[in-house]
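Numbering (full-length UniProt numbering), first residue to last: 1 to 412.
Ideal placement from N, C-alpha and C gives every residue a C-beta, glycine not left out.
Computed from a predicted model, the values in this text were never measured in an experiment.
Right, one structure below, let's go through it.
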């Protein structure tokens, strides 16, 4: 093996610009793969984090009440005919009455970390002549925080010590309504209740659904605004793994007589888009590797042609086919390892450059333009893929070199 390694090293050194070219081909492939993988992974993690971070993973509600069907009605007189028209009523109330007991039961399910009783509904936020449709979330701030993580997005005022008669809204909604901290607004629910609230906090999440269309109040205020009495409209669950939402929702449906909603089902189109994005990413990386492999194979084939006489002399001196095959395979391996190392270095500095691109502050917060995550598995995976592709590309020229007839080569 020492003979093969020494000869492969001499070939690489004597190759000069040719060797540098093949190393750069591998390095560029590794750099592109690291860049694409890191960029898309970072974008997806930020997007999923923003989406799932502000939403309950599973929402438990009362089942939709339905009138009895014709089959469930029995008549007292023979020959009596019944006719029915079954439909859901728009005004049906679907509150959870014994929610304290349900709260304890839900906390026992696997993967459930947070259980937050809440009253949620649609209302109008009114300021003077302006009316804005909002979704009102009423819960105890400490529990709501474990579901929505609003504290990190609070740019003014208070949230965790929110008091009755106070509301937290998005900064963009506040701008549209022309209000500031301490101003009073009215909220009118679909039940016809209108109450006055003082703006106690402003948040900026970067998500229009929250910044323009949500208001957060205490549980007691929400029960009053939506006339639920002591009841709640839903119980919000946060899991230790957001992607187990469908599984946990199915377990609850199978065990308890309540309706569940999973963020994964509600956002199915988003998850499908992410899967399509991942497939596109993998295809791009595959084509980059193939292009690199073909370039390396072409260079090594040219190298074999240039060294035909040397190979013939070596074989006439007793070098075996296996040794010649090993020499050119080691050349490919050397190029692959060197290219992978250079590619990782280039990829790292490229990501650092992207990470430091400045972005204008918005509402006192500066968000990174790119969510760069330095994942060792991405660097390692890109290097491993490039090394394997390069070795496969080296097999054809190495095999050709090992099968050369020394007599024919020396004769020319």
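Using DSSP bridges, identify the partner residues of residue i.
i	result
residue 130	127
residue 260	60
residue 170	203
residue 216	137 and 168
residue 320	None; residue 320 has no bridge partner.
residue 119	138
residue 96	232
residue 391	Paired residues: none, contrary to the question.
residue 238	114
Is it buried or exposed for residue i, if we count other Cβ within 10 angstroms and need 16 for buried?
i	result
residue 237	buried
residue 299	buried
residue 106	buried
residue 34	buried
residue 115	buried
residue 120	buried
residue 100	exposed
residue 269	exposed
residue 160	exposed
residue 229	exposed
residue 214	buried
residue 4	buried
residue 283	exposed
residue 290	exposed
residue 286	exposed
residue 331	buried
residue 14	exposed
residue 37	buried
residue 218	buried
residue 210	buried
residue 97	exposed
residue 276	exposed
residue 430	The chain is shown from 1 up to 412; residue 430 falls before or after that span and cannot be answered.
residue 22	buried
Would you kindly report the start and end of the unbroken alpha helix (DSSP H) that includes residue i?
i	result
residue 233	Careful: residue 233 lies outside any alpha helix (DSSP H) and carries neither H nor E.
residue 103	99-107
residue 202	Where residue 202 is concerned, there is no enclosing alpha helix (DSSP H), although the beta strand (DSSP E) it sits in stretches over 194-203.
residue 247	245-255
Residue i by DSSP, collapsed to three states: which one?
i	result
residue 351	helix
residue 164	coil
residue 114	strand
residue 224	helix
residue 281	helix
residue 179	coil
residue 271	helix
residue 469	Missing from the structure shown is residue 469; the chain here goes from 1 to 412 and no further.
residue 150	coil
residue 356	coil
residue 399	helix
residue 296	helix
If I follow the unbroken beta strand (DSSP E) through residue i, where does it start and stop?
i	result
residue 185	184-189
residue 156	154-157
residue 372	Here residue 372 belongs to no beta strand (DSSP E), and DSSP marks it neither H nor E.
Return yes when at least one heavy atom of the ligand PLP lies under 7 Å from the C-beta of residue i, else no.
i	result
residue 97	This structure does not include the ligand PLP; it has no bound ligands of any sort.
Is the CB of residue i under 8 Å away from at least one CB in chain B?
i	result
residue 254	Looking at the structure shown, chain B is missing, and only one protein chain is on hand.
Unbroken stretches of the alpha helix (DSSP H), 4 residues or longer, contained in the segment 1-73: Within the segment 1-73, the complete alpha helix (DSSP H) runs of at least 4 residues are 2-15 and 17-53.
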